[in-house]
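Residue numbers (the working numbering), protein chains in the order written: chain L, 1 to 197; chain X, 1001 to 1197. Since the structure comes first, as C-alpha cells, the remarks are kept for the end.
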C-alpha cells in the first residue's frame, strides 16, 4: 500500500491538463504528469490506466447514469428517466466548466482522443438503455431513448462549453429536451426554438 | 489513365470482404485484395484510399443524405426531412443485406473499425444538420434532428441486420421514427411499441 496522498486524483488531472495544453497530449509522458503533480508514477497508475484515461475518468460516469435513471419517479416517461441519468452527470460537472473547456481543447487537437470521446458517448447510450430496460421500458423504446438522450447531452454540453452563457449544464439539458418537440412540428420556421435560438 | 475495368469497385469490395472474413482485416493486404479481384493495386487505389475505406465507401453517402433532405417536401417536419435523407441511403442498401451482414462481422471483430464506424455516423449527423439548416430549420433543432435521425438509423439498421425479419430497411426506419413518440409517453408499459416489440 502506498501512503495516502491528499486529492491525488484531482492533482494528477490538473497536472495532466496543464501539460497537454503546454506540450500536446502526444508529447506528454506519465512520468512528467506525476512529477508536475508532486506524486509518483505508481500513484498515477493507482488512479488511471494510462494518460488517456485522465481525460475520460474510467467507468464511474456509466454507473452514475444508471443510478440516476433508477432513481427517477416511476411515472417518468422513458426520456425523462434517461434525463435523470444525464442530470446526475451534469451535477458533478457543473462546477468544472474551466476544466471541461481545457479538456475539450486537448481532445479537439487529437483524432485518437476524438474517437475515444465518441466511444465513451456510445457506452453512455448503452448504460442508459440498460437502465431503462430495468424499468420495464420496451426494448426498442429503451434503445432509442438512450441514443436520443446522449444526443441531447452532446448538444447541451457543447452549448455549455461554447457559451458566454451563464446558464448551467442541467438547465441547458432541459432546454435541449424541450426542443425534441420541435422535431416533429410541421413548419420548420415555427419549429425553431421558441426563445429564438 | 488505366484501362476500364468492368465493375472494378464492386469486385474489389467483394474480394476484400471475403479476405477479411477468411483471414481477418488485420492480416489482409491491398495486394491480396487486388489479386483476388483479378485487378491491380493501382486500380484498387483509384477506388479506395486504403483497405479500411472499402468498408466505409468514402464521402458518397454524406452527399446522398444531403440531397435526400434537400428533396423533401417543404412542409415536412425537421425529423421527416432528415428521414428523407436516411431513405436515400436505405434505398442503395436494401439489396445488400448479405454484404452488410458480412461487413458488420468484420467491423465487430476490430476495435479500430468500430471507432471508424462511430466517426462515420457522427459525420452523417453533421451532414443532416447542415442540410436542415439550408431549409431554414433553427440551429438547435437542426442539430438535434441530425443526431436523432442517426440514432433512428442505427437502431433500424441493427434490426435489419439481426432480423430473420423480411421487412426492408426503409420500413424499419419508419418504425423507429414512429417510436419517437413513445419516448415522451408517461407510462413506460403503455409506451412500449404498439406492435409488441
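From the three backbone atoms N, C-alpha and C, an ideal C-beta is built for every residue, glycine too. Computed from a predicted model, the values in this text were never measured in an experiment.
Is the Cβ of residue i closer than 8 Å to any Cβ of chain L?
i                      : result
residue 1155 (chain X) : yes
residue 1089 (chain X) : no
residue 1141 (chain X) : yes
residue 1179 (chain X) : yes
residue 1171 (chain X) : no
residue 1191 (chain X) : Note that residue 1191 (chain X) has pLDDT 45, beneath the 50 cutoff, so the model's placement of it is unreliable and no number is given.
residue 1078 (chain X) : yes
residue 1183 (chain X) : yes
residue 1017 (chain X) : no
residue 1115 (chain X) : yes
residue 1108 (chain X) : no
residue 1122 (chain X) : yes
I'd like to know whether the C-beta of residue i is nearer than 8 Å to at least one C-beta of chain X.
i                     : result
residue 71 (chain L)  : no
residue 148 (chain L) : yes
residue 126 (chain L) : no
residue 176 (chain L) : yes
residue 197 (chain L) : Confidence at residue 197 (chain L) is low in this model, with a pLDDT of 43, below 50, so the placement of that residue should be treated as unreliable; the coordinate-derived value is given next. Closer than 8 Å: yes.
residue 49 (chain L)  : no
residue 1 (chain L)   : At residue 1 (chain L) the pLDDT is 44, less than 50, meaning the model places this residue with poor confidence; the figure from the coordinates comes in the next sentence. Answer no: the Cβ-Cβ gap between residue 1 (chain L) and chain X never drops below 8 Å.
residue 134 (chain L) : no
residue 119 (chain L) : yes
residue 144 (chain L) : yes
residue 84 (chain L)  : no
residue 151 (chain L) : yes
residue 188 (chain L) : Low confidence applies to residue 188 (chain L): its pLDDT is 46, below 50, so where it sits in the model is not reliable, and the reading given next is rough at best. Yes, its Cβ sits closer than 8 Å to a Cβ of chain X.
Taking its Cβ as the centre, do 16 or more other Cβ atoms sit within 10 Å of residue i, making it buried, or is it exposed?
i                      : result
residue 60 (chain L)   : exposed
residue 1141 (chain X) : buried
residue 1068 (chain X) : buried
residue 95 (chain L)   : exposed
residue 1101 (chain X) : exposed
residue 162 (chain L)  : exposed
residue 1167 (chain X) : exposed
residue 117 (chain L)  : buried
residue 1023 (chain X) : exposed
residue 157 (chain L)  : buried
residue 90 (chain L)   : buried
residue 29 (chain L)   : exposed
residue 136 (chain L)  : exposed
residue 1098 (chain X) : exposed
residue 1108 (chain X) : exposed
When the distance is taken between beta carbons, is residue j closer than 8 Å to residue i?
i                      : j                      : result
residue 55 (chain L)   : residue 1145 (chain X) : no
residue 1041 (chain X) : residue 1049 (chain X) : no
residue 103 (chain L)  : residue 47 (chain L)   : no
residue 1147 (chain X) : residue 119 (chain L)  : no
residue 1082 (chain X) : residue 1132 (chain X) : yes
residue 1076 (chain X) : residue 1088 (chain X) : no
residue 1019 (chain X) : residue 1093 (chain X) : no
residue 152 (chain L)  : residue 125 (chain L)  : no
residue 79 (chain L)   : residue 177 (chain L)  : yes
residue 64 (chain L)   : residue 44 (chain L)   : no
residue 52 (chain L)   : residue 113 (chain L)  : yes
residue 1155 (chain X) : residue 1086 (chain X) : no
residue 62 (chain L)   : residue 127 (chain L)  : yes
residue 1106 (chain X) : residue 1021 (chain X) : yes
residue 70 (chain L)   : residue 134 (chain L)  : yes
residue 1014 (chain X) : residue 1039 (chain X) : no
residue 1066 (chain X) : residue 1139 (chain X) : no
Under 7 Å from any heavy atom of the ligand GDP, does the C-beta of residue i make it?
i                    : result
residue 86 (chain L) : Ligands are entirely absent from the displayed structure, and the ligand GDP is therefore not among its contents.
Any alpha helix (DSSP H) of 4 or more consecutive residues that is wholly inside the stretch 1006-1045 of chain X = 1008-1023 and 1030-1037
ask   = What are the complete alpha helix (DSSP H) segments, minimum 4 residues, inside the stretch 86-150 of chain L?
value = 97-108 and 111-134
ask   = Which ranges would you report for the alpha helix (DSSP H) in the stretch 1155-1184 of chain X if only whole runs of at least 4 residues count?
value = 1169-1179
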